[in-house]
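Undergrad:
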Amino acid sequence: MRINVLQHTPNEGPGSIQRWSQEHGHEMYIYHPYQFGNLPTSDQTDMLVILGGPMSPNDDLDWIEQERVLIRQLLADHKPIFGACYGAQQIAKTLGYAIKKAPHKEVGWAPVYLKSDIIPGIPEKLTALHWHEEMFEVPDQADLLFSSDLVKNQGFIMNGNVIGLQFHFEPEADNVREIAINDNQYPLEHNDLHQTGKEIIDHGVPTENKQVMYQLLDFMVKNS
Numbered sequence: 001m002r003i004n005v006l007q008h009t010p011n012e013g014p015g016s017i018q019r020w021s022q023e024h025g026h027e028m029y030i031y032h033p034y035q036f037g038n039l040p041t042s043d044q045t046d047m048l049v050i051l052g053g054p055m056s057p058n059d060d061l062d063w064i065e066q067e068r069v070l071i072r073q074l075l076a077d078h079k080p081i082f083g084a085c086y087g088a089q090q091i092a093k094t095l096g097y098a099i100k101k102a103p104h105k106e107v108g109w110a111p112v113y114l115k116s117d118i119i120p121g122i123p124e125k126l127t128a129l130h131w132h133e134e135m136f137e138v139p140d141q142a143d144l145l146f147s148s149d150l151v152k153n154q155g156f157i158m159n160g161n162v163i164g165l166q167f168h169f170e171p172e173a174d175n176v177r178e179i180a181i182n183d184n185q186y187p188l189e190h191n192d193l194h195q196t197g198k199e200i201i202d203h204g205v206p207t208e209n210k211q212v213m214y215q216l217l218d219f220m221v222k223n224s
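Residue 218 in full-length UniProt numbering sits at position 218 of the sequence shown, and the numbers go up by one each step.
1) Mind listing, in chain order, the continuous beta strand (DSSP E) runs of no fewer than 3 residues lying wholly within the UniProt domain "Glutamine amidotransferase" (42 to 170)?
2) Need the endpoints of the beta strand (DSSP E) that V205 sits in, please.
3) Touching or not, the region 62 to 81 and the region 155 to 172, by the rule of three or more beta carbon pairs under 8 Å?
4) Beta-carbon within less than 6 Å of W63's beta-carbon, same chain only, minus the 5 sequence neighbours each way: which residues are those?
5) Where DSSP assigns a beta bridge to residue 262, which residues make up the other side?
6) Pick helix, strand or coil for N175, following the three-state DSSP scheme.
7) Does the separation of the CB atoms of I50 and G87 fall below 8 Å?
8) At the level of alpha carbons, what is the spacing between A128 and Y214?
9) Look at the Cβ atom of H190, then the Cβ atom of K93, and state whether they are nearer than 8 Å.
10) Could you compute how far the alpha carbon of Y29 sits from the alpha carbon of Q22?
11) Please report the distance separating the alpha-carbon of E124 from that of L114.
12) Let me know the secondary structure DSSP gives L39 once reduced to three states.
13) Going by C-alpha distance, which of M55, Q195 and F169 is nearest A180?
14) On the three-state DSSP scale, how would you describe G197?
15) Pick helix, strand or coil for P10, following the three-state DSSP scheme.
16) Would you kindly check if the distance between the Cβ of A110 and the Cβ of S148 is under 8 Å?
17) Compare the beta carbon distance of P54 and G108 with 8 Å and say whether it is the shorter of the two.
18) Beta carbon of W131: closer than 7 Å to some heavy atom of the ligand ZN?
19) Less than 6 Å between C-beta atoms, sequence neighbours within five positions excluded: which residues of the same chain meet that for H26?
20) Grab me the residues of N223's own chain with a C-beta within less than 6 Å of its C-beta, minus the 5 sequence neighbours each way, in chain order.
21) Might you give, ordered along the chain, the residues of its own chain that have their beta carbon closer than 7 Å to the beta carbon of E170, omitting 5 neighbours on each side?
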C-alpha cells in the first residue's frame with residue numbers, strides 16, 4: 001500500500017504513523033506542499049495522512065485548495081484518510097464545515113475522552129498532545145470520536161475509514177522534543193493549558209498513544 005503524507009512544517013512529522021507503515025511493509029511518500037507545492041494524485045494514493053501545521057485551512061493559498069481537491073477525490077473513491085490538527089480541519093473544510101477559533105487555546109498535554117464505541121478497544125480516557133487554537137465543526141455525516149475538557153470537537157470518524165483528530169497521538173519522544181524546541185514561543189502565548197515547552201518535553205509520551213494510533217490506522221484500512 002502506498003501511504004502519501006502531507007507534511008506542513010519541518011517539526012511535525014509522521015512519528016509513529018511512519019513506524020506503523022514500516023512494520024506493515026507499506027511504502028510511505030512524504031510531501032511538503034507548503035515548500036515545494038507538489039501533491040500526489042488520487043490514483044497514486046492508497047491512503048492519505050494529513051499532518052498538522054501553523055497555517056489555517058481558511059488561508060487563501062493555492063496549495064491549500066489543491067489539498068482539498070485531492071481530499072474530495074479520495075472521499076469519492078472511499079480511500080482511507082487520516083488528519084491530525086490542521087489535517088482534521090482540512091477534511092472538515094473540504095466537506096463544507098467551518099474552521100474557527102476554539103473557545104480555548106490548548107498547547108500541551110491534556111486528557112481526551114472517547115465519545116464513540118465504533119472502534120473497539122480504545123480506552124475511555126487518554127492523554128494527548130494538543131497544539132492548536134482553531135477547531136473544526138464535526139461534519140453531519142461523521143460521529144464525534146473524542147472531546148476534551150476545554151474543547152468538545154476533538155475528533156471525528158466518518159464511513160469507518162476517515163478519521164480527524166484535533167490533537168496528536170502520533171508524536172514519539174523525539175518528535176515532541178522537535179516540536180517544542182522549535183515552536184517554543186507558542187505555548188507561552190495565552191495558553192489555557194498553562195504549560196511551557198520544557199514541561200511539555202518533561203511530561204513524556206504516554207505508552208498507550210502509539211498503540212491507539214496503530215488501532216486507528218488498522219481500523220481505517222480494514223474498513224476501506
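Heads up, the beta-carbon is just placed ideally off N, CA and C, and yes, glycines get one too.
TA: In terms of the structure at hand:
1) 47 to 50, 81 to 84, 99 to 114, 125 to 136, 143 to 148, 155 to 158 and 162 to 165
2) That residue, V205, is in no beta strand (DSSP E); it is neither H nor E in DSSP.
3) yes
4) P33 and G37
5) Absent from the model: residue 262. The displayed extent of the chain is 1 to 224, so no value can be given.
6) helix
7) yes
8) 15 Å
9) no
10) 12 Å
11) 5 Å
12) coil
13) Q195
14) helix
15) coil
16) yes
17) no
18) Looking at this structure, you won't find the ligand ZN or any other ligand, since it has none at all.
19) M1 and I3
20) G160 and N161
21) P14, G15, S16, I17, A84 and M213
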